[in-house]
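A quick write-up on the structure given underneath.
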Amino acid sequence: LGIGIAIGPLLGGELGAISWRGPFFGVAVLMAIALIATIVLVQPTPKPARKASVLDPLKALRHRGLLTMGLMALCYNWGFFTVLGYAPYPMELDTHQLGYVFTGWGL
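With this note's numbering applied, the sequence shown corresponds to residues 5 to 111, in that order.
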């Protein structure tokens, strides 16, 4: 996970420099590899003792610590992906340079 977060923006920037479709094809290839690995390597899970409700994830938010962490993760991701989307404009970076910046951020 850590390597993917660090190298993903760099690889996406390099593929994006080739074509705007490049990152999408790159992700499609990685997802196909992940699907095959999941089918081959992951064992079937046993049946649960009781059927889970659709509302169980929301009921878990009654735990104050989990709710706080969830809200903090929401705020962080909102900020991060806003920066990710708008960073090229004020920084005046091309795709390669932006990939290097976000690779450094991921490290």
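C-beta: ideal position from N, C-alpha, C; glycine also.
Euclidean distance between Cα positions of residue i and residue j
{"i": "residue 108", "j": "residue 10", "result": "7 Å"}
{"i": "residue 111", "j": "residue 64", "result": "32 Å"}
{"i": "residue 42", "j": "residue 70", "result": "29 Å"}
{"i": "residue 39", "j": "residue 26", "result": "20 Å"}
{"i": "residue 12", "j": "residue 18", "result": "10 Å"}
{"i": "residue 62", "j": "residue 74", "result": "11 Å"}
{"i": "residue 56", "j": "residue 49", "result": "15 Å"}
Proximity below 8 Å, CB of residue i to CB of residue j
{"i": "residue 16", "j": "residue 6", "result": "no"}
{"i": "residue 99", "j": "residue 20", "result": "yes"}
{"i": "residue 104", "j": "residue 45", "result": "no"}
Beta-carbon separation (whole angstroms), residue i vs residue j, contact threshold 8 Å
{"i": "residue 92", "j": "residue 102", "result": "5 Å"}
Neighbour-count burial assignment, residue i, 16 or more Cβ in a 10 Å radius
{"i": "residue 84", "result": "exposed"}
Whole runs of the alpha helix (DSSP H) within the segment 30 to 110, excluding any shorter than 4 residues: 60 to 64, 68 to 90, 92 to 95 and 99 to 110
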